[in-house]
Amino acid sequence: MINDNTKIGTGLMVLGVVFLFLGIMFLFDSAMLALGDILFLTGLTLTIGVSRTVRFFSRPDRARGIISFFLGIILVMIRWPIVGMILQLYGLIYLFGQFFPIAAQSMRDTPVIGDLLKMPAVERFFEGLSRSSNSGRRAPV
Numbered sequence: 006m007i008n009d010n011t012k013i014g015t016g017l018m019v020l021g022v023v024f025l026f027l028g029i030m031f032l033f034d035s036a037m038l039a040l041g042d043i044l045f046l047t048g049l050t051l052t053i054g055v056s057r058t059v060r061f062f063s064r065p066d067r068a069r070g071i072i073s074f075f076l077g078i079i080l081v082m083i084r085w086p087i088v089g090m091i092l093q094l095y096g097l098i099y100l101f102g103q104f105f106p107i108a109a110q111s112m113r114d115t116p117v118i119g120d121l122l123k124m125p126a127v128e129r130f131f132e133g134l135s136r137s138s139n140s141g142r143r144a145p146v
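Going by my numbering, the sequence shown opens with residue 6, and the numbers climb by one from there.
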């Protein structure tokens, strides 16, 4: 059974992604992007717990991704949204890149998204991500 914190955290993460998407669509609106960042981080903390979040963001082998991700958040908040989002994207790919092939594999069975993910260019993209994401490491959470 899923507890209430996990449900609320998942909702906040989805809402954060929606605000990030809308912030990009509205020509990098820094207020929406900052709100999306705050909602996403709060949702992540509620979903996996405070101690696991601190453990995830304090591992020294991920320092480059952590620094770029949080520096990107700071840049978005001081109204440098384009540079901040580029740094955040790099940090997200560095931190969560090993999960993308797993998520893509599980979404291949869905009706519409599965057809898109089976396209050769998309398959090569996810294969490249799985090769470059330090294949010997454990999942971070």
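Think of the CB as a built atom: it goes at the ideal place given N, C-alpha and C, for glycine as much as any other residue.
How far does the alpha helix (DSSP H) with G54 in it extend, from its first residue to its last? First-last for G54: undefined, no H or E at that position.
In or out: L94 buried (at least 16 other Cβ within 10 Å) or exposed? exposed
What residue does the alpha helix (DSSP H) around R69 start on, and which one ends it? A68 to M82
Applying the 10 Å Cβ sphere with the 16-neighbour rule, what's the burial state of N63? In the sequence under discussion, the amino acid at residue 63 is Ser, which differs from the Asn named in the question. Exposed, since its Cβ has fewer than 16 Cβ neighbours within 10 Å.
Keeping to the same chain, check which residues put their C-beta closer than 7 Å to that of G119; ignore five residues upstream and five downstream. M112 and R113
For D42 and V81, believed in contact at Cβ under 8 Å, the rounded distance: 6 Å
Quick check: L44 and L20, are their CB atoms within less than 8 Å of each other? yes
Within 8 Å, strictly: CB atoms of L25 and P86: no
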